[in-house]
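Below: the structure, in structure tokens.
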Amino acid sequence: DQFAPIALISADPTVLVVRAESPWKTAKDFLEDARNRSGQISYSSSGIYGTLHMAMELLSHAAQIKLRHVPYAGAGPALTALLGGHVDALASGPAVVLPQIKAGKLRVLAGWGESRVAALPEVPTFKELGYPDAEFYIWAGVFAPKGTPEPVLARLRDGLRAATGDPEFKAAMDKLETPIVFRQGDEFARFFAADAKRLAEGVRKV
6 DQFAPIALIS ADPTVLVVRA ESPWKTAKDF LEDARNRSGQ ISYSSSGIYG
56 TLHMAMELLS HAAQIKLRHV PYAGAGPALT ALLGGHVDAL ASGPAVVLPQ
106 IKAGKLRVLA GWGESRVAAL PEVPTFKELG YPDAEFYIWA GVFAPKGTPE
156 PVLARLRDGL RAATGDPEFK AAMDKLETPI VFRQGDEFAR FFAADAKRLA
206 EGVRKV
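Going by our numbering, the sequence shown opens with residue 6, and the numbers climb by one from there.
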């Protein structure tokens with residue numbers, strides 16, 4: 006509440022990935038096995054209460070399963086742990102794991118978004134699978150200090166709208182395979198409030 010939201014720039018839903026040789030072909034397979042073997046399926050994360058941890062916690066509560074959390078010091082080591090067979094699964098931003106998916110090293114089972122990831126159109130969302138509370142995004146937005154005069158905020162919004170529409174910026178984001186999700190003012194404030202509420206509830210349940 007010490008900040009005034011200006012604009013959301015991107016909001017990438019996390020995706021659930023496992024090694025290609027794993028026994029789980031679908032999210033249903035994974036969740037059913039997790040119920041049958043409570044606490045035995047492990048997942049890595051970027052650290053306790055980090056983005057990758059919270060995505061999996063929201064899924065665990067939505068699907069009423071128990072997974073074993075193995076925190077690492079960052080997303081890179083968490084991915085390495087999965088590829089090396091030290092853990093069974095990982096929630097990750099799509100751009101980070103797409104090269105490994107394309108190389109046939111990882112299999113993606115489902116996503117945490119409101120809609121499917123554009124680069125993975127065949128992958129269902131957890132919402133589609135019947136878990137509406139399993140929604141999580143790794144997002145980036147711009148804020149100003151609370152009390153910033155409205156004319157200043159308006160100029161910043163206009164500048165950000167122009168910047169995100171710039172072909173060079175679009176090309177850079179396409180190269181990263183990160184979609185531009187531009188929302189301003191009240192629309193961004195509502196997104197932020199909903200995201201904060203989900204995370205606060207998730208943290209209380211950890």
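Backbone N, C-alpha and C define an ideal beta-carbon position, used for all residues, glycine too.
Under 7 Å between C-beta atoms of residue i and residue j
| i | j | result |
| --- | --- | --- |
| G118 | P18 | yes |
| P99 | V122 | yes |
| Y114 | L36 | Residue identity differs from the one stated: residue 114 is Leu in this sequence, not Tyr. Taking 7 Å as the Cβ cut-off, L114 and L36 do not qualify as a contacting pair. |
| L204 | M59 | yes |
| P10 | F187 | no |
| V92 | S27 | no |
Run of the beta strand (DSSP E) containing residue i, from where it starts to where it stops
| i | result |
| --- | --- |
| D179 | That residue, D179, is in no beta strand (DSSP E); its alpha helix (DSSP H) goes 172-180. |
| I185 | 185-189 |
| L72 | Premise fails: L72 is in no beta strand (DSSP E) and is neither H nor E. |
| S47 | 47-50 |
| A94 | 94-97 |
Residue i - DSSP class collapsed to helix/strand/coil
| i | result |
| --- | --- |
| F3 | Summary: the structure shown does not reach residue 3, with the chain confined to residues 6 through 211, and so no result is reported for it. |
| F148 | strand |
| A12 | strand |
| A131 | It is worth fixing the name first, because residue 131 is Phe in this sequence and not Ala. Coil. |
| V208 | helix |
| V227 | For residue 227 there is no data in the structure shown, the boundaries of the chain being 6 and 211. |
| P4 | With the chain running from 6 to 211 in the structure shown, residue 4 is simply not present. |
| S65 | helix |
| P18 | strand |
| S115 | With the sequence shown as reference, residue 115 is identified as Ala, and Ser is not the correct amino acid for it. A115 falls in the strand class under three-state DSSP. |
Range covered by the alpha helix (DSSP H) that runs through residue i
| i | result |
| --- | --- |
| G89 | It is not in any alpha helix (DSSP H) - G89 carries neither H nor E in the DSSP assignment. |
| V157 | 155-169 |
| A32 | 32-41 |
So, do the segment 70-81 and the segment 128-138 have three or more beta carbon pairs nearer to each other than 8 Å? no
Does the count of Cβ pairs from the segment 155-165 and the segment 27-45 closer than 8 Å reach three? no
Could you say if the segment 46-62 and the segment 75-95 meet the contact criterion of at least three C-beta pairs nearer than 8 Å? yes
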